[in-house]
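Heads up, the thing below is written out as structure tokens.
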Amino acid sequence: PCYGFRYHIELASRQSTLSAMDVVDKNAQLAVIRNGQVVQYVHGIVRHFGIGDTGHSHTHYSLTLVPALERLSLRHNSRIFQLKTVPEILSVLLEEMGISDYAFSLKRECAQREFCVQYRETDLDFLHRLAAEEGLVYHFVHQAGKHTLFFSDDSQSLSKLDSPVPWNALSGGVADTPYVSKWAQHTQSHVAQSQLADYSFKKPAYSFSQNARGTEMNYQQPNYEHFDFPGRFKDDVSGKAFNQIRLEYLRREAHTAQGASNEPRLRAGTKFDLIDHLDPRFNRDWVVVSIVHTGSQPQALEESGGSGATTYSNHFTVIPAHVTWRATPQPKPQVDGPCMAKVVGPDGEEIFCDEHGRVKLHFPWDRESEGNELSSCWVRVSQGWAGGQYGMMAIPRIGHEVIVSFLHGDPDQPIVTGRTYHATNTSPYVLPDHKTKTVLRTQTHQGEGFNELSFEDQAGQELVYVHAQKDMQVKVENS
């Protein structure tokens, strides 16, 4: 996979003693020189290093140059972020890996996320997933000695070459300046409209439905619809943005062009003006969305009879500059079954809930929280019966072990669906000695004692037992 850029470099050196210790995971830089001047730097870290044959004077080496961002692919984690925006979460991921050369240029303000879980995924997969959800893409700007990671959500914030690139398809002659030698434009039918919907228990009758239609599609039918549920949003502002981002992703390749050039300044995330094409429709501004560079310097291998000039070329894919490129949505990790958690709360409390009867939890895989009321968001609790002003209510208490399921398998949407005893929290009566008892026993809050209603079903010993720790009240409307 390529995370921004990946250069495979074959080289030769008079130094025959280079070792992996000197090179791997270290900074490296490649300079592209034209007419004696550096026209482009490529800076990164060495991910792979290979040692080849040694000739009379040179040793062959190979290396792969990648961004420091790729280090995030080597960390796999599960953890919880609360009350943070996606840019704030991405900043944490980058800075934990020692990456400080990054910046955000965002047109839309990302909403704060109440509960956002990195679940059994690498830091880089998590970064890509969140960035795609919010419509963020990234590119790199290279300078001598550094490369900077830029996040953006709109093509207007991308940098543009300070001079246009001419089209020149002439087969002979040598041009003084770099040029585009091949060009082909492509148009294809794609999804024309998108609809996302979701659900929130706080507004159960509201559909949270969002609709968006594409533009510049007179050439195709307008009824190609993409519908998805859940849309992963809980308010209209986020829903509208997410739906528009989804549509722009689905239509990102509706109008593209492919070309080849010898312009070394071209790189993914760069805008440029094409000029001098015989078809004036192509003479406009474009954004590079992918590019493959190829270069050689055969004269460096004098012992092999290397001859010929230094060469450089590339082939690329572009989209019109007014179109915003959206990253491919990444699959969200699915929790493949219920998991266990412990009910938590503030010191000195026994019962901790909000107005909806929700509780706070600590998950066994959460290594970073302190197991208190800050360990999770408020989590809904399934009850045996729930109607309008009637049903059952039993709040899990601090220290109880609960079974947690996840709506649509989404780790960001836990819900308590059961409770269990364990070696410390044991049942009210010793088992299996009292296996014929059915028991409902409570525990006095901030005190000693209990209330109980139990049934003994052993033949010949049947009993209904009622225990009130203090008072007992029975109200009969008609007696």
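Counted the way my numbering counts, the sequence shown spans residues 62 to 540.
Glycine is no exception: its CB is placed at the ideal position from the N, C-alpha and C atoms.
For clarity, every value in this text was computed on a predicted model and none was experimentally measured.
Query                                                                                                                  : Result
Residue of 400, 430, 398, 442 minimising C-alpha distance to residue 416                                               : 442
Pair within 8 Å by beta-carbon distance, residue 326 and residue 465                                                   : no
Between the CA atoms of residue 255 and residue 282 - distance to the nearest angstrom                                 : 14 Å
Residue 476 versus residue 439: straight-line alpha-carbon distance, rounded                                           : 9 Å
Distance between beta carbons of residue 343 and residue 246, contact taken as under 8 Å                               : 7 Å
Three-state class that DSSP yields for residue 470 in the structure shown                                              : helix
Bounding residues of the beta strand (DSSP E) (the contiguous stretch that carries residue 357)                        : 346–357
Whole alpha helix (DSSP H) elements within the stretch 181–246, 4-residue minimum                                      : 184–194
Cβ-Cβ distance between residue 171 and residue 209 below 8 Å                                                           : no
Beta bridge counterpart(s) of residue 165 as assigned by DSSP                                                          : 212
Minimum C-alpha distance to residue 351 - residue among 435, 319, 372                                                  : 319
Cross-strand partners of residue 266 (DSSP beta bridge)                                                                : DSSP, once it has assigned bridges, lists no residue as partnering residue 266.
When 231, 359, 75 are compared against residue 117, the one with the closest alpha-carbon                              : 75
Contained beta strand (DSSP E) runs [length at least 3] in the stretch 368–452, N- to C-terminal order                 : 372–381, 400–405, 421–423
Beta-bridge pairing of residue 72 - partner residues as DSSP gives them                                                : 122
Alpha carbon of residue 269 to alpha carbon of residue 307, nearest angstrom                                           : 16 Å
Residue environment, residue 189, which counts as buried when at least 16 other CB atoms sit within 10 Å               : buried
N- and C-terminal bounds of the beta strand (DSSP E) containing residue 139                                            : 137–145
Backbone CA spacing between residue 515 and residue 527 [nearest angstrom]                                             : 7 Å
Proximity below 8 Å, CB of residue 179 to CB of residue 138                                                            : yes
Whole-angstrom C-beta distance between residue 217 and residue 315, which should lie under 8 Å                         : In fact, because the Cβ distance is near 19 Å, the residues do not count as touching under 8 Å.
Spatial neighbours of residue 299 in its chain, beta-carbon cut-off 7 Å, leaving aside the 5 residues before and after : 172
Residue 107 versus residue 186 - alpha carbon distance                                                                 : 20 Å
Backbone CA spacing between residue 273 and residue 260 [nearest angstrom]                                             : 19 Å
Three-way DSSP call (helix, strand, coil) for residue 148 in this model                                                : helix
Inter-residue CB distance, residue 335 and residue 472 (contact presumed, cutoff 8 Å)                                  : 45 Å between Cβ atoms; not a contact.
Where residue 310 falls: helix, strand or coil (DSSP)                                                                  : helix
DSSP-derived helix/strand/coil call for residue 337                                                                    : coil
At least three beta-carbon pairs within less than 8 Å, the stretch 399–406 to the stretch 418–438                      : yes
Under the three-state DSSP convention, the category residue 304 falls into                                             : helix
For residue 355, the nearest candidate out of 321, 382, 338 (CA to CA)                                                 : 321
Boundaries (first-last residue) of the alpha helix (DSSP H) holding residue 83                                         : 81–84
Whether residue 81 touches residue 110 by CB criterion (8 Å)                                                           : yes
Spatial neighbours of residue 160 in its chain, beta-carbon cut-off 6 Å, leaving aside the 5 residues before and after : 129
Reduced DSSP secondary structure (H/G/I, E/B, other) of residue 114                                                    : strand
Own chain residues within Cβ distance below 6 Å of residue 142, not counting five before or after                      : 150, 177
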